[in-house]
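Peer 1:
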Amino acid sequence: MTILEGNAFIEQFTEEKLRDPKILDFMKKVEVVADEEIENLPRSLRYTVKIDILTKDGRTFHIREEYPKGHPKNPFTREELLWKFKQLAGKAISDESRLDRIIEVEQNLEDVEKITDFTKLLTKQGA
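Quick note on the numbering used here: the sequence shown kicks off at 85 and runs consecutively.
1) What are the start and end residues of the beta strand (DSSP E) that includes K134?
2) Measuring straight from C-alpha to C-alpha, what distance separates L206 and I94?
3) Which residue wins for smallest C-alpha separation from K157, given the options E163, E164, E149?
4) Near A173, what residues of its chain come up, given a Cβ to Cβ distance below 7 angstroms and the 5 sequence neighbours on each side ignored?
5) Mind checking who E149 pairs with in its DSSP beta bridge?
6) In the DSSP assignment, the alpha helix (DSSP H) including A173 goes from what residue to what residue?
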């Protein structure tokens with residue numbers, strides 16, 4: 085999904101998307117193969133992904149990622165983390181200014197006198 089859509093969030097896994105001819109056609113071109121090297125790694129290290137892309141003109145591209153984005157060994161940048169927060173929290177909190185306020189308070193959490201002021205922002209009613 086990420087290759088075609090740019091993301092792999094909830095929106096990419098709807099019934100409609102899973103019936104999309106473009107996606108179904110792409111799925112026919114993908115082969116998933118277990119890799120013995122990865123399978124033999126300790127469970128805590130089995131985040132590794134290897135991708136080989138074979139082009140129509142015969143070229144091959146190899147990609148290997150040891151740790152997924154967001155893992156302590158492959159952390160998000162601040163910008164990526166804020167983007168992901170807004171994407172996910174935005175499903176529950178549609179008020180953009182409230183999301184910005186949550187981020188602002190979080191960035192200055194040490195200055196918050198009463199933590200309940202912050203947690204109220206996270207409730208259904210908001211602050």
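Even glycine gets a Cβ: it sits at the ideal position worked out from N, Cα and C. As the structure is a prediction and not an experimental result, all values here were calculated from the model.
Peer 2: The structure says:
1) Where K134 is concerned, the enclosing beta strand (DSSP E) starts and stops at 133 to 138.
2) Rounded to the nearest angstrom, the two C-alpha atoms are 21 angstroms apart.
3) Put simply, of E163, E164, E149 the residue whose alpha carbon is nearest the alpha carbon of K157 is E149.
4) So the qualifying residues of the chain are L183.
5) E149 is bridged by DSSP to V133.
6) Counting along the chain, the alpha helix (DSSP H) containing A173 begins and ends at 162 to 173.
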